[in-house]
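Participant: Protein chains in written order, with this note's numbering: chain A, 16 to 313; chain B, 16 to 313. Here it is, the structure in full.
Encoded structure:
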């Protein structure tokens with residue numbers, strides 16, 4: 016019998032599986048996201064992991080993300096904020112799958128000051144992983160953002176996630192770029208123009224007025240000779256800049272803001288934060304995921 | 016020879032033609048919008064007006080809207096703000112079409128305090144028409160909004176349009192409703208739930224934080240038992256409420272805000288304005304268009 020575990024991050028748009036042997040990643044596999052497989056998640060998992068499973072069953076399986084959503088494999092609970100790593104870990108779902116212990120990480124839920132709820136599934140694993148890897152985060156107030164389609168901004172205070180806010184900025188930008196009269200049909204061909212537009216979008220976003228600044232993407236082309244590339248960069252800078260302006264008004268700020276995720280997108284956020292006088296640094300997303308999934312080891 | 020004129024409002028999405036005899040509308044015809052016909056506008060006009068033209072040519076043709084855009088029939092100028100009705104009228108394009116005087120109304124252009132441009136084509140005709148019909152608007156400060164896909168908010172001061180701002184709120188809402196993970200796939204079936212969501216979206220929008228309030232459309236369904244209808248109403252109330260909050264911060268307010276356009280949408284805006292303590296009343300859009308086109312009579 017081989018001694019290995021399967022751990023994985025199974026989000027809406029993709030499945031990433033890691034083969035873990037003696038604490039080290041020895042292989043990776045990918046598969047379709049929960050959004051594509053939904054209730055057929057069990058079959059999709061068996062297919063994605065088939066080469067490993069056929070050679071011998073793992074000693075444990077640990078998964079996080081939308082796999083635990085209502086429309087995923089099995090619904091896992093949400094831990095309520097404020098939550099520390101132990102309370103979150105205790106809320107995980109533990110099952111048996113073909114004789115193997117299967118753990119599905121809990122999501123996280125919170126209520127804002129007006130009693131409006133918010134939820135996450137998957138990002139909490141990266142955040143608690145970041146806390147496990149960075150002892151400096153165990154005390155004080157920190158702001159962590161995971162940029163992507165639905166960005167999760169989280170407040171960490173003395174090692175607990177006390178509040179968070181989902182900002183669907185990435186989805187909104189994709190709609191503006193691909194489907195709107197302001198951005199559709201633009202192919203980015205001139206990175207310098209795009210970068211110039213991005214910087215001007217950030218500058219325009221300072222007061223957080225998104226709706227009244229969108230149309231400039233078109234008017235600047237019509238009346239100020241700006242290029243389509245400029246317009247696409249402007250829209251990107253505008254939505255990200257407005258997102259940060261809104262976060263400052265809701266979750267507040269922090270001395271140093273931590274970015275977890277795709278390097279290129281994180282670099283854009285770092286530039287946008289700097290434009291509003293905020294410093295940031297990036298953490299390795301894969302390392303945070305693995306550290307977060309490590310909470311279920313024992 | 017018959018004595019009649021053809022006047023029309025030719026926007027991006029539709030052409031509306033009116034047959035005018037002795038100052039009265041005696042017939043109407045519709046045709047495709049400039050967005051659909053573009054450079055073939057002349058042919059499209061001749062087809063839409065064919066039954067009238069075949070019986071005898073008109074004594075004049077007057078058109079407003081995107082017909083005068085760069086990608087329309089012939090490009091008409093923009094009058095610059097601040098503009099009164101006479102300056103705007105003087106900027107109209109006057110041509111000869113098959114021996115008939117053809118007038119195409121000028122658009123309007125402005126620069127905001129940061130030097131960012133904005134433009135309109137067609138709405139200015141309704142606004143100047145509203146001024147012609149309502150002597151009370153000739154003095155003092157007024158705010159006029161034409162709700163639609165790209166809403167135009169205009170400041171009228173002592174009979175001149177001094178500033179305006181395009182808010183693509185209608186387009187954004189359509190993208191959220193039809194294409195986003197927050198709204199796609201929802202069919203409105205329960206007007207009471209939708210109305211409740213709309214009111215709660217308005218309440219949430221008071222501080223103008225659009226991005227940080229969007230995800231509640233999903234989270235309230237997941238965690239607070241809200242219905243899909245509620246979510247759609249919420250998104251509508253949120254974007255309209257945020258639009259008004261932003262306008263107050265950019266163009267300022269006015270004692271009474273005038274709404275020109277579709278009655279159902281205008282009623283929504285009236286409710287949204289009231290939720291922020293602003294009073295409004297509606298003007299008849301067709302009557303304003305006709306009065307505005309009347310400026311070119313002589």
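Cβ coordinates follow ideal geometry from the N, Cα and C atoms, glycine included.
Checking contacts by CB at 7 Å: is residue 162 of chain A closer than that to chain B?
Facilitator: Taking the first chain and counting its residues from 1, one reaches residue 162 of chain A at position 147. Residue 162 of chain A does not count as touching chain B.
Participant: Which residues of the segment 247-267 of chain A have a Cβ closer than 8 Å to any Cβ of chain B? Give them in chain order.
Facilitator: Hits within the stretch, in order: 254, 257, 258, 261, 262, 264 and 265.
Participant: Between which two residues does the beta strand (DSSP E) containing residue 172 of chain B stretch?
Facilitator: Within the second chain, numbered from 1, the residue matching residue 172 of chain B stands at position 157. Taken as a continuous stretch (DSSP letters only), the beta strand (DSSP E) holding residue 172 of chain B covers 166-172.
Participant: Enumerate in chain order the residues of its own chain whose CB-to-CB distance from residue 246 of chain B is below 8 Å, with the five nearest sequence positions on each side excluded.
Facilitator: As a working note, residue 246 of chain B is residue 231 in the second chain. Answer for residue 246 of chain B: 197, 198, 201, 212, 232, 233, 235 and 236, listed in chain order.
Participant: For residue 36 of chain A, which residues from the same chain have a beta carbon less than 6 Å from its beta carbon, with the 5 sequence-adjacent residues on both sides left out?
Facilitator: In the first chain, residue 36 of chain A corresponds to position 21, counting from 1. 19.
Participant: Considering only residues of the same chain and omitting the five flanking positions on each side of residue 28 of chain A, which have a CB-CB separation below 7 Å?
Facilitator: Locating residue 28 of chain A in the first chain gives position 13, counting from the first residue. Excluding residues within five positions, the ones whose Cβ falls inside 7 Å are 48 and 50.
Participant: Straight-line CA distance for residue 206 of chain A to residue 244 of chain A?
Facilitator: Walking along the first chain from the start, residue 206 of chain A turns up at place 191. Walking along the first chain from the start, residue 244 of chain A turns up at place 229. Between residue 206 of chain A and residue 244 of chain A, the C-alpha separation is close to 8 Å.
Participant: Which word fits residue 296 of chain B, buried or exposed, when buried means at least 16 other C-beta atoms lie within 10 angstroms of its C-beta?
Facilitator: Within the second chain, numbered from 1, the residue matching residue 296 of chain B stands at position 281. By the 10 Å Cβ count, residue 296 of chain B comes out exposed.
Participant: Give the interface partners of residue 86 of chain B over in chain A, defined as CB-CB distance under 8 Å, in chain order.
Facilitator: Translated into the one-based positions of the second chain, residue 86 of chain B becomes position 71. Chain A residues near residue 86 of chain B: none, gap ~11 Å exceeds 8 Å.
Participant: By the criterion of Cβ-Cβ separation under 8 Å, what are the contact partners of residue 139 of chain A in chain B?
Facilitator: Taking the first chain and counting its residues from 1, one reaches residue 139 of chain A at position 124. Within 8 Å Cβ-Cβ: nothing; residue 139 of chain A doesn't reach chain B, min ~15 Å.
Participant: Using a Cβ-Cβ cutoff of 8 Å, what residues of the segment 117-143 of chain A are near chain B? List them in chain order.
Facilitator: Answer in chain order: 124, 129, 131, 132, 133 and 134.
Participant: Helix or strand or just coil, what does DSSP make of residue 271 of chain B?
Facilitator: Reading the second chain from its first residue, position 256 is the one you call residue 271 of chain B. Strand, per DSSP.
Participant: Check the Cβ of residue 234 of chain A against every Cβ in chain B and list those closer than 9 Å, keeping chain order.
Facilitator: Working through the first chain from its first residue, we reach residue 234 of chain A at position 219. 124, 131, 132, 133, 134 and 181, listed in chain order.
Participant: May I ask you to report which of helix, strand or coil DSSP gives residue 47 of chain A?
Facilitator: By one-based count along the first chain, residue 47 of chain A stands at place 32. If DSSP states are grouped into helix, strand and coil, residue 47 of chain A belongs with the strands.
Participant: Should residue 227 of chain B be flagged as near chain A, meaning a C-beta pair shorter than 7 Å?
Facilitator: Taking the first residue of the second chain as 1, we reach residue 227 of chain B at position 212. At least one chain A Cβ lies under 7 Å of residue 227 of chain B.
Participant: Considering only residues of the same chain and omitting the five flanking positions on each side of residue 184 of chain B, which have a CB-CB separation below 6 Å?
Facilitator: On the second chain, position 169 is the one that residue 184 of chain B refers to. Excluding residues within five positions, the ones whose Cβ falls inside 6 Å are 166, 254 and 258.
Participant: So residue 294 of chain A packs on residue 277 of chain A, CB below 8 Å; how close in whole Å?
Facilitator: By one-based count along the first chain, residue 294 of chain A stands at place 279. By one-based count along the first chain, residue 277 of chain A stands at place 262. Not confirmed; about 20 Å, so no contact.
Participant: Hey, how far is the Cα of residue 221 of chain B from the Cα of residue 96 of chain A?
Facilitator: Reading the second chain from its first residue, position 206 is the one you call residue 221 of chain B. Reading the first chain from its first residue, position 81 is the one you call residue 96 of chain A. Distance between the alpha carbons of residue 221 of chain B and residue 96 of chain A: 26 Å.
Participant: Checking 7 Å against the spacing of the C-beta atoms, do residue 304 of chain B and residue 141 of chain B come in under that value?
Facilitator: As a first step, residue 304 of chain B must be located in the second chain, where it is residue number 289. As a first step, residue 141 of chain B must be located in the second chain, where it is residue number 126. Yes. Within cutoff.
Participant: With 16 as the cutoff for other CB atoms within 10 Å, does residue 308 of chain A come out buried or exposed?
Facilitator: As a first step, residue 308 of chain A must be located in the first chain, where it is residue number 293. Under this definition residue 308 of chain A is a buried residue.
Participant: Rounding to the nearest angstrom, what Cα-Cα distance links residue 154 of chain B and residue 137 of chain B in this structure?
Facilitator: Looking up residue 154 of chain B in the second chain gives position 139. Looking up residue 137 of chain B in the second chain gives position 122. Cα-Cα distance, rounded: 23 Å.
Participant: Whose C-alpha, out of B/214, B/117, B/62 and B/61, is nearest the C-alpha of residue 283 of chain B?
Facilitator: If you number the second chain from 1, residue 283 of chain B lands on position 268. With distances taken between Cα atoms, residue 283 of chain B lies closest to B/214.
Participant: In three-state terms, what does DSSP make of residue 74 of chain B?
Facilitator: For the purposes of this step, residue 74 of chain B is taken as the residue at position 59 of the second chain. Looking at residue 74 of chain B - three-state DSSP - the assignment turns out to be coil, as it is neither helix nor strand.
Participant: What do you reckon, are the CB atoms on residue 98 of chain B and residue 176 of chain B nearer than 7 Å?
Facilitator: Position 83 of the second chain, counted from the start, is the residue given in the question as residue 98 of chain B. Position 161 of the second chain, counted from the start, is the residue given in the question as residue 176 of chain B. For residue 98 of chain B and residue 176 of chain B, yes; Cβs fall inside 7 Å.
Participant: Answer with buried or exposed for residue 80 of chain A, where buried requires no fewer than 16 other C-beta atoms within 10 angstroms of its C-beta.
Facilitator: As a first step, residue 80 of chain A is located in the first chain; it is residue number 65 there, counting from the start. Result: buried.
Participant: To the nearest angstrom, report how far apart residue 42 of chain A and residue 26 of chain A are at their CA atoms.
Facilitator: If you number the first chain from 1, residue 42 of chain A lands on position 27. If you number the first chain from 1, residue 26 of chain A lands on position 11. The alpha-carbon atoms of residue 42 of chain A and residue 26 of chain A are separated by roughly 19 Å.
Participant: Of all the alpha helix (DSSP H) runs that stay within the bounds of the segment 111-173 of chain B, which reach a length of 4 or more residues?
Facilitator: Listed in chain order, the complete alpha helix (DSSP H) runs (minimum 4 residues) inside the segment 111-173 of chain B are 138-148.
Participant: What does a CB cutoff of less than 6 Å around residue 173 of chain A pick up in its chain, not counting 5 residues either side in sequence?
Facilitator: For this step, residue 173 of chain A is matched to residue 158 along the first chain. Contacts found: 154.
Participant: Note down, in chain order, each residue of its chain lying with its Cβ closer than 7 Å to the Cβ of residue 93 of chain A, except the 5 sequence neighbours on either side.
Facilitator: Position 78 of the first chain, counted from the start, is the residue given in the question as residue 93 of chain A. Answer for residue 93 of chain A: 121, 122, 123, 124 and 134, listed in chain order.
Participant: Kindly list, in the order they appear in chain A, the residues whose Cβ is closer than 7 Å to that of residue 326 of chain B.
Facilitator: Because chain B spans 16 through 313 in this model, residue 326 of chain B falls outside it and cannot be assessed.
Participant: Put residue 295 of chain A into one of helix, strand or coil per three-state DSSP.
Facilitator: For the purposes of this step, residue 295 of chain A is taken as the residue at position 280 of the first chain. Looking at residue 295 of chain A - three-state DSSP - the assignment turns out to be strand.
Participant: Below 7 Å CB to CB, which residues in the same chain sit around residue 300 of chain B once its five sequence neighbours on both sides are set aside?
Facilitator: Here residue 300 of chain B corresponds to residue number 285 of the second chain, with the count starting at 1. So the list reads 141, 275 and 276, once near-sequence residues are dropped.
Participant: I believe residue 216 of chain B touches residue 248 of chain B by the beta-carbon criterion, under 8 Å. Please report the beta-carbon distance rounded to the nearest angstrom.
Facilitator: Sequence index remark: in the second chain, residue 216 of chain B carries index 201 (1-based). Sequence index remark: in the second chain, residue 248 of chain B carries index 233 (1-based). Right, the Cβ-Cβ distance comes to about 7 Å (below 8 Å), so this counts as a contact.
Participant: What residues from chain B crowd round residue 230 of chain A, counting only those whose CB sits closer than 9 Å?
Facilitator: What you label residue 230 of chain A is simply residue 215 of the first chain in a count that begins at 1. Those are 133, 134, 165, 180, 181, 182 and 183, listed as they occur along chain B.
Participant: For residue 33 of chain B, which three-state DSSP category applies?
Facilitator: Position 18 of the second chain, counted from the start, is the residue given in the question as residue 33 of chain B. Strand at residue 33 of chain B.
Participant: Per DSSP, which one or two residues make a beta bridge with residue 21 of chain A?
Facilitator: As a position in the first chain, residue 21 of chain A is number 6, starting the count at 1. BP columns for residue 21 of chain A point to A/34 and A/76.
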